[in-house]
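J.:
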Amino acid sequence: MIIERPDDRVLETVFLTNVNLAFPLQARKWLALLQNDPLSGIRIKPNVSRPAADMGFSFSSNGFGLRGPDKPDAGTVIFGTSFAMGMTVDNGDNWYDELDFEDGALNLGLPVGIAEMQNLLEELHTGPRRTAIFLYHPNIWGHEVKFSTLRGKDVDAFTEFRWSLDLAQAFEKGAKIIGTMSKGKNKNLMIAEVLGQLYLLNAKYSLFDQGFVEQTYRPATKGLVDMLSAFENVLVVRLPTKEELAFSHLQHPALRDLRQNHLSGWEFFKSQVVEQLPRSEVHEGDCFELSDYQPCDTHWNRAGNARMRNLLRSLGYAA
Numbered sequence: 001m002i003i004e005r006p007d008d009r010v011l012e013t014v015f016l017t018n019v020n021l022a023f024p025l026q027a028r029k030w031l032a033l034l035q036n037d038p039l040s041g042i043r044i045k046p047n048v049s050r051p052a053a054d055m056g057f058s059f060s061s062n063g064f065g066l067r068g069p070d071k072p073d074a075g076t077v078i079f080g081t082s083f084a085m086g087m088t089v090d091n092g093d094n095w096y097d098e099l100d101f102e103d104g105a106l107n108l109g110l111p112v113g114i115a116e117m118q119n120l121l122e123e124l125h126t127g128p129r130r131t132a133i134f135l136y137h138p139n140i141w142g143h144e145v146k147f148s149t150l151r152g153k154d155v156d157a158f159t160e161f162r163w164s165l166d167l168a169q170a171f172e173k174g175a176k177i178i179g180t181m182s183k184g185k186n187k188n189l190m191i192a193e194v195l196g197q198l199y200l201l202n203a204k205y206s207l208f209d210q211g212f213v214e215q216t217y218r219p220a221t222k223g224l225v226d227m228l229s230a231f232e233n234v235l236v237v238r239l240p241t242k243e244e245l246a247f248s249h250l251q252h253p254a255l256r257d258l259r260q261n262h263l264s265g266w267e268f269f270k271s272q273v274v275e276q277l278p279r280s281e282v283h284e285g286d287c288f289e290l291s292d293y294q295p296c297d298t299h300w301n302r303a304g305n306a307r308m309r310n311l312l313r314s315l316g317y318a319a
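Each residue of the sequence shown is one higher than the one before, counting from 1 in the numbering used here.
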């Protein structure tokens, strides 16, 4: 059920109680953990450690300014955006935690573009190119467009993307979002109740924009093919969005359109990347459920991370 005019209790639950890194007041805390980087555009500040009281989940980074397995000479390399990196659950509950890779692993997951992923690989990985694990999420297209505008410019990411840590500005933006939601006038965001749980959904989340296919997407996928072709084995796991999974419960036309858009982006990725690789295995991600996701954020909760962990074990990529 879509809640057209949410009351104060619902708005407080969605925007002020639950983890929601897209909400300006919480996004500001995430941005404070980042720094500009000449190779990857952005990177987490090295050796960060934050308690759960800060963002709603404990968070740490390694000496590379990344998260998760950090063995440079490993035979397994992990690629992807924030889902690969691990977000919104406590340290120890991320999908890669407790996984045993046969010859170790290096996690290069970061919310950046494809060229930036390539740069990280060349900078950090010194081991054999045995196995690449690529977590496909449709936000890869938006990150590619964003970071393509940064490349070659004499300007840093925070300046180019107009990211701000200003508290007053975050309050102002947050109040505007809550105000439009309370009046039922937000064109993109919707609050729904599914099986007794409130969910925040975005009908325009991570769109695959056909206008960028030739200019941005296709050249980027060629670089991705070059990068992944160097590995003996490639596993690609498609990660459905929360909005896709919510559609089966709500049957809302805006979610139907978004689901079709995400599927078209996935088909493009398969034709331009997966089918061009000499060796690859694909998992369509049909094991994930709506309950695997944070109600008010885009990322997995503990259950979703556990499902991803068990998937890799079942496919034989880790123990």
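Cβ atoms here follow ideal geometry from the backbone N, Cα and C, with glycine treated the same way.
1) Would you give the residue range spanned by the beta strand (DSSP E) that Gly80 belongs to?
2) Taking the alpha carbon of Ile245 as the reference point, which residue from Leu16, Gly285, Phe101 has its own alpha carbon closest?
3) Could you check whether Val237 and Ile133 sit closer than 9 Å to each other, using their CB atoms as the reference points?
4) So Glu244 is in the alpha helix (DSSP H); what residue range does that whole segment cover?
5) Which residues does DSSP pair with Asp37 in a beta bridge?
6) Can you grab the Cα-Cα spacing for the pair Tyr321 / Arg162, in whole Å?
7) What is the rounded straight-line gap between the Cα of Thr76 and the Cα of Met227?
8) Spatial neighbours of Thr352 within its chain, please: C-beta separation below 6 Å, excluding the five flanking residues on both sides.
9) How far does the alpha helix (DSSP H) with Leu124 in it extend, from its first residue to its last?
10) Do Glu243 and Asn186 have their beta-carbon atoms positioned less than 9 Å apart in this structure?
11) Where Arg67 and Glu12 are concerned, what is the direct C-alpha to C-alpha distance, given to the nearest angstrom?
12) With three or more C-beta pairs closer than 8 Å as the rule, is the stretch 77-84 touching the stretch 106-114?
13) What residue from Met190, Thr216, Gly65, Pro240 has the CA that sits closest to Tyr199's CA?
14) Please tell me whether Leu135 and Val194 are closer than 9 Å, where the distance is taken between their beta carbons.
15) What are the partner residues of Glu193, as DSSP defines its beta bridges?
16) Is there contact between the stretch 140-157 and the stretch 31-43, where contact requires at least three CB pairs shorter than 8 Å?
17) So Glu281 is in the beta strand (DSSP E); what residue range does that whole segment cover?
T.: Short version:
1) Looking up residue 80 in the sequence shown gives position 80. Taken as a continuous stretch (DSSP letters only), the beta strand (DSSP E) holding Gly80 covers 76-80.
2) As a working mapping, residue 245 is identified with position 245 in the sequence shown. Reading off the sequence, residue 245 comes out as Leu, not Ile. Answer by Cα proximity: Gly285.
3) What you label residue 133 is simply residue 133 of the sequence shown in a count that begins at 1. What you label residue 237 is simply residue 237 of the sequence shown in a count that begins at 1. Contact: yes.
4) One-based indexing of the sequence shown puts residue 244 at position 244. First-last of the alpha helix (DSSP H) with Glu244: 242-250.
5) Taking the sequence shown and counting its residues from 1, one reaches residue 37 at position 37. Answer is Gly41, bridged to Asp37.
6) Given a span of 1 to 319 for the chain in the structure shown, any question on residue 321 remains unanswerable.
7) Position 76 of the sequence shown, counting from 1, holds the residue named residue 76. Position 227 of the sequence shown, counting from 1, holds the residue named residue 227. Spanning the two alpha carbons is a distance of roughly 14 Å.
8) Because the chain here runs from 1 to 319, residue 352 falls outside it and cannot be looked at.
9) For the purposes of this step, residue 124 is taken as the residue at position 124 of the sequence shown. From DSSP, the alpha helix (DSSP H) with Leu124 extends over 114-124.
10) One-based indexing of the sequence shown puts residue 186 at position 186. One-based indexing of the sequence shown puts residue 243 at position 243. No, they are not a contact pair.
11) As a position in the sequence shown, residue 67 is number 67, starting the count at 1. As a position in the sequence shown, residue 12 is number 12, starting the count at 1. Roughly 31 Å between the two C-alpha positions.
12) A contact is defined here as three or more CB-CB pairs under 8 Å, and the stretch 106-114 meets this definition with respect to the stretch 77-84.
13) Sequence index remark: in the sequence shown, residue 199 carries index 199 (1-based). Closest option to Tyr199, Cα to Cα, is Met190.
14) Numbered from 1 along the sequence shown, position 135 holds the residue referred to as residue 135. Numbered from 1 along the sequence shown, position 194 holds the residue referred to as residue 194. The answer is no: Cβ separation not under 9 Å.
15) Indexing the sequence shown from 1 puts residue 193 at position 193. Per DSSP, Leu198.
16) yes
17) Taking the sequence shown and counting its residues from 1, the one referred to as residue 281 is at position 281. Segment 281-283, the beta strand (DSSP E) holding Glu281.
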